[in-house]
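Numbering (the numbering used here), first residue to last: 1 to 209.
Report on one structure; see the data block that follows.
This is the structure:
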């Protein structure tokens with residue numbers, strides 16, 4: 001069911017000329033009753049192209065986790081489905097975040113492929129023919145990183161972030177801006193850059209200025 005939903009959304013995005021991936025539990029195959037369908041486009045694209053295929057958009061928002069991280073757009077669709085895209089270029093570490101959780105393209109999803117990845121409990125999920133194997137990440141960061149084809153740095157970062165969240169609770173994000181119906185992602189992002197020096201510096205660094 002969730003994979004069918006992901007495939008439908010991803011095919012619409014591909015027809016709009018963009019390259020989507022599904023990440024997280026749907027890519028790994030360890031879905032539960034609370035699983036969402038999380039889809040990411042890893043390169044900056046026109047938000048108009050992404051939104052055009054979908055008639056019923058529930059909510060649109062811009063989010064920046066910290067002042068030095070990428071500004072992302074979220075398009076919330078029916079069926080607990082979210083399409084995410086960056087407003088400017090991702091750093092390698094930011095792209096690795098999605099590979100860390102498990103990432104599939106449309107053809108891999110269509111072929112019923114499942115990939116290993118780490119969930120929010122810091123448990124490595126490795127698919128098997130009968131289901132999956134679970135193993136802890138803490139203390140085995142380098143081994144897990146090799147299995148996932150990502151750098152040890154992203155493994156260490158995710159362990160640090162999630163263990164701290166367990167200790168002090170979720171601290172929130174730097175910026176969240178819900179868009180009105182008559183606003184575009186690009187115009188709101190431009191307005192935020194004009195008013196926020198930290199966001200402007202991050203944007204200019206990503207543009208190589």
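C-beta: ideal position from N, C-alpha, C; glycine also.
Under the three-state reduction of DSSP output, residue 61 falls in the strand class. In its chain, beyond the 5 residues on either side, 199, 200, 203 have a beta carbon closer than 6 Å to the beta carbon of residue 193.
For residue 122 against residue 159, the beta-carbon gap comes to about 6 Å, under 8 Å, which counts as contact.
Straight-line measurement puts the Cα of residue 107 at about 11 Å from the Cα of residue 22. Around residue 186, the same chain offers 47 as residues with beta carbons nearer than 7 Å, after the five sequence neighbours per side are excluded. DSSP, read as helix, strand or coil, puts residue 128 in coil. Residue 90 sits buried, since 16 or more C-beta atoms from the chains shown fall within 10 Å of its C-beta. Under the three-state reduction of DSSP output, residue 75 falls in the strand class. Under the three-state reduction of DSSP, residue 194 is assigned to helix. In the same chain as residue 142, and ignoring 5 residues on each side of it, the C-beta atoms closer than 8 Å to its own belong to 152, 155, in chain order.
The distance from the Cβ of residue 87 to that of residue 71 is about 4 Å, consistent with a contact at the 8 Å cut-off.
DSSP places residue 21 in the uninterrupted beta strand (DSSP E) bounded by 20–23. Across the set 148, 54, 130, 79, the C-alpha of 148 shows the shortest separation from the C-alpha of residue 95. In the DSSP secondary-structure assignment, residue 81 is bridged to 37, 77. Straight across, the Cα-Cα distance linking residue 25 with residue 137 is about 16 Å. Excluding sequence positions up to five before and after residue 124, its CB lies within less than 6 Å of the CB of 118, 135, 137, 144, all in the same chain and listed in chain order. For residue 31, there is no enclosing beta strand (DSSP E), since its DSSP letter is neither H nor E.
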